[in-house]
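2 protein chains.
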Amino acid sequence: MPRLIVTYRVRSDAASIEARARDIATEQSVEMPLAPIDNAFVKSEIIGQVEGISGTGGGLFDVRIALSGETVGGDAGQLLNMLFGNTSLHDDVLLRDVDVPPELAKAFGGPNVGVRGLRESVGAKDRALTCSALKPQGLPPRDLAALAGRLAAGGLDYIKDDHGLADQNYSPFADRVRACAEAIAKANRASGHATRYAPSLSGDLAAIRKQMTAVRDAGLDTVLITPMIAGWSTMQTLVRENRDLAFISHPAMGGGQIAPPLLAKLFRLLGADAVVFPSFGGRFGYSPETCRAIAGAALGDWHGLKPALPVPAGGMTLDRVPELLDFYGRDVMLLIGGSLLSAKDKLTEETAKFAEAVKRYSY
Amino acid sequence: MPRLIVTYRVRSDAASIEARARDIATEQSVEMPLAPIDNAFVKSEIIGQVEGISGTGGGLFDVRIALSGETVGGDAGQLLNMLFGNTSLHDDVLLRDVDVPPELAKAFGGPNVGVRGLRESVGAKDRALTCSALKPQGLPPRDLAALAGRLAAGGLDYIKDDHGLADQNYSPFADRVRACAEAIAKANRASGHATRYAPSLSGDLAAIRKQMTAVRDAGLDTVLITPMIAGWSTMQTLVRENRDLAFISHPAMGGGQIAPPLLAKLFRLLGADAVVFPSFGGRFGYSPETCRAIAGAALGDWHGLKPALPVPAGGMTLDRVPELLDFYGRDVMLLIGGSLLSAKDKLTEETAKFAEAVKRYSY
């Protein structure tokens, strides 16, 4: 199998960067001195190779390293391990970009339904989509369901669980999902909308498989998953086992040393149909340039994988809809959570304003 | 349930730190504006509370926040989500320390066998232990097994897989584990040693459960797991399902924004009997102070959990044995990998020197 090409951004002085690059190539492959290695296959196929080094200014260098695709063994967790496992323990390195061989992209497979599938589910051919979140955690299922019904009545496309909603005593997963799905279905019958509900999955594979049964029993076709917490292997398996479902990825625990656009790209590789990320101008510090690169990584041509829908979030507000749509274009799902909930008694009206603003502005 | 007390180290100016602390408390709990929240349980139990702020100099502050233990729902992945999920996306914050309610510590349970169990397995009452690693990845099972036999003949206590060994075509997990276990058992019969072999687990819960069958079929009682890749929930379940096995945690993907001593402490909470970490003076940049704190987090009294054995690694060498034992004391397992393998034809002799040096020096 051809090699993965991995770009690390390294803080170094010019005199040391070549040695540092070779060290990373070793660390992310054989992880031992090269001298005692005499196996021909390991020497020719497994040892990481420095492909190029280019200064980017300010004492930073982009180091391109070729790693064996064979070491991944088809497992998404092992992919992460090979890309960055030990090197993440160094504080002078960011994981900047990855390209994978076509065989590997095909083996992982990317999104199940992609942007087109998400659009079709809600009957929105070419406009931007809308989303909100059920919160706060701590509410019992009936209160979350009431909230879900009122958000759905406003005509949103997607309603997702807050990523903090798990399987807690005060709101067990199965009870919550059933109650919220029913409330949204009822609102849809009344309004004619096709609002979708995406429950948040949590726990190990066995726990999530049980949650998937509850998801299907409730007639749902979309879920939310946090790959950095569930584990990449877990997500990979779930995507494969549920080819008819759409997966929205949440970025929690995705901070630190992986470039945010790369994280979106890799989540898409694993099967995210939509990728939530903290947009500029909200509670988080991502720049417009970073956000544009995230959207590009989700949507761009890459080994024939379906595009994933960018979902800018994290403190978005209704008055920013035109600005956000100007910036992201139509291939986006705007997520406004807490700001809608602040409307309290006027939640449905405020939500309808959000849905209308997006529809009006993106046609 | 009483609250978790979480310490974040925040970079801020003095004028902003109170507001920043409140923002973190909100982000890690209800994740929405507080004004529209009217549920009494959420207001009294769920919303995070700032407990204290103290400057540590240089524009850094330690912010102590109390979070609801109920939100964890008994799941290790959700614990990580609640401690740091969204806040990890901010680059001005480190997760510094956590204390958990005794009920929560008891529910997670900590190590299965702990330091005493690891000692008993190899018949080493009170000396430091020794460990090496099978590498490089890319070798077929028979070559790894030959290596394992030669390392075992040198009288090591533990031999672990390199964390890059997964379930690859060139070395399938079950074949590798059987071959290496047999080679080590044969060496043990010849030498009278009780060298233990710890295969590296990878993939999702279903894949690892299959690997566990191979581990048990080979008569093994120790495994290696990388919690940041496998997922904390996966590890939690495996520890519970295999109470008679010892778990060694590998730190890969543990860089970034969680303080290394806290990572060791939380891996112990999840069930790590031994915690591998990159020691000072090797290939990684951890300071002696950080390493001392890691060892303290693994070994110290904490809610009655069994202590976990610190395993300093990452470029250790034979000539540093006295220095490392002076520093870490006897409650340690020294791991020397690549440096031993560099001995090539004299691998067994070099390994025996390592084992002897540790035995001599730590009695």
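Order-wise, the sequence lines are chains F and H.
For the first sequence, my numbering gives the first residue as 43, with consecutive numbering after it.
For the second sequence, my numbering gives the first residue as 43, with consecutive numbering after it.
Using N, Cα and C, we set each Cβ at its ideal position, and we do this for glycine too.
DSSP, read as helix, strand or coil, puts E73(F) in coil.
I59(F) and H292(F) have their alpha carbons spaced roughly 35 Å apart. Shown here, V363(F) sits in a helix according to DSSP, grouped into three states. In the three-state DSSP reduction, T268(F) falls in the coil class, being neither helix nor strand.
Under the DSSP assignment, I290(H) falls in the beta strand (DSSP E) whose first and last residues are 288 to 291.
According to DSSP, L376(H) shares a beta bridge with T172(H). When DSSP assignments are scanned along the region 110 to 173 of chain H, the uninterrupted stretches of beta strand (DSSP E) that are 3 or more residues long and fall wholly within it turn out to be 135 to 141. Judged by DSSP secondary structure, P303(H) falls within the alpha helix (DSSP H) whose first and last residues are 302 to 312. Taking G165(F) as the centre and dropping the five residues before and after it, the same chain places the C-beta of A236 closer than 6 Å to its C-beta, in chain order.
Look at P354(F) here: in three-state DSSP terms it is strand. Closer than 7 Å at the C-beta level to chain H, one finds these residues of the region 293 to 305 of chain F: P293, A294, M295, G296, G297, G298, Q299.
Closest option to A187(F), judged by alpha-carbon separation, among D217(F), A170(F), L160(F): D217(F). When DSSP states are grouped into helix, strand and coil, A240(H) belongs to the strand group. Contact check between the region 66 to 79 of chain F and the region 156 to 170 of chain F: fewer than three CB pairs, one atom from each, fall below 8 Å, which does not count as touching.
In terms of beta-carbon proximity, S275(H) lines the interface with chain F, with at least one pair separated by less than 8 Å. For Y212(H), the chain F residues whose Cβ falls inside 8 Å of its Cβ are F83, E112, in order along the chain. The beta-carbon distance between A394(F) and G197(F), rounded to whole angstroms, is 6 Å. This is short enough to meet the 8 Å contact definition. Around the beta carbon of D343(H), a 10 Å sphere encloses fewer than 16 other beta carbons of the protein chains shown; the residue is thus reported as exposed. The C-beta of K177(F) has 16 or more other C-beta atoms within 10 Å across all chains shown, which makes the residue buried.
Cβ neighbours of T129(F) within its own chain (closer than 8 Å, five residues either side excluded): Y50, I66, E69, Q70, V135, L137. Taking 8 Å as the threshold, the shortest C-beta distance from E398(H) to chain F does not fall below it.
Contact annotation: in the region 365 to 396 of chain F, residues whose CB is within less than 7 Å of a CB in chain H are G379, G380, L383, S384, K386.
Within chain H, no residue has its CB atom less than 8 Å from the CB of D55(F), the nearest being about 15 Å off. Taking 8 Å as the cut-off between beta carbons, the residues of the region 241 to 267 of chain F near chain H are S244, G245, D246, L247, A248, A249, in sequence order. Separation of F396(H) and I290(H) (C-alpha to C-alpha, rounded to the nearest whole angstrom) is 21 Å. Put simply, the backbone Cα of A294(F) is about 14 Å away from that of P303(F). The residue from S54(F), G261(F), L308(F), P143(F) with its alpha-carbon nearest to that of A240(F) is G261(F). Under the Cβ criterion of 8 Å, Q179(F) is counted among the residues facing chain H. Listed in chain order, the non-local C-beta contacts of G116(F) below 6 Å within the same chain comprise A149, local neighbours out to five positions each way being set aside. Non-local beta-carbon contacts of R220(F) in its own chain, meaning distances under 6 Å to residues more than five positions away in sequence, involve A260 in chain order. Of all residues in the region 122 to 155 of chain H, the ones placed with a Cβ closer than 9 Å to any Cβ belonging to chain F are L122, N123, M124, F126, G127, N128, T129, S130, L131, H132, D133, D134, V135, in chain order.
Sequence-ordered contacts of the region 204 to 237 of chain F with chain H read D204, H205, G206, A208, D209, Q210, N211, Y212 [C-beta pairs closer than 7 Å].
Non-local beta-carbon contacts of P349(F) in its own chain, meaning distances under 7 Å to residues more than five positions away in sequence, involve G156, V157, A340, L341 in chain order. Contact between G90(H) and I79(H) does not hold, since the beta-carbon distance rounds to 12 Å and is not under 8 Å. By the Cβ-count criterion, P364(F) is exposed, with fewer than 16 other Cβ atoms from all chains shown falling within 10 Å of its own Cβ. Annotated three-state conformation of Y328(H) is coil, per DSSP.
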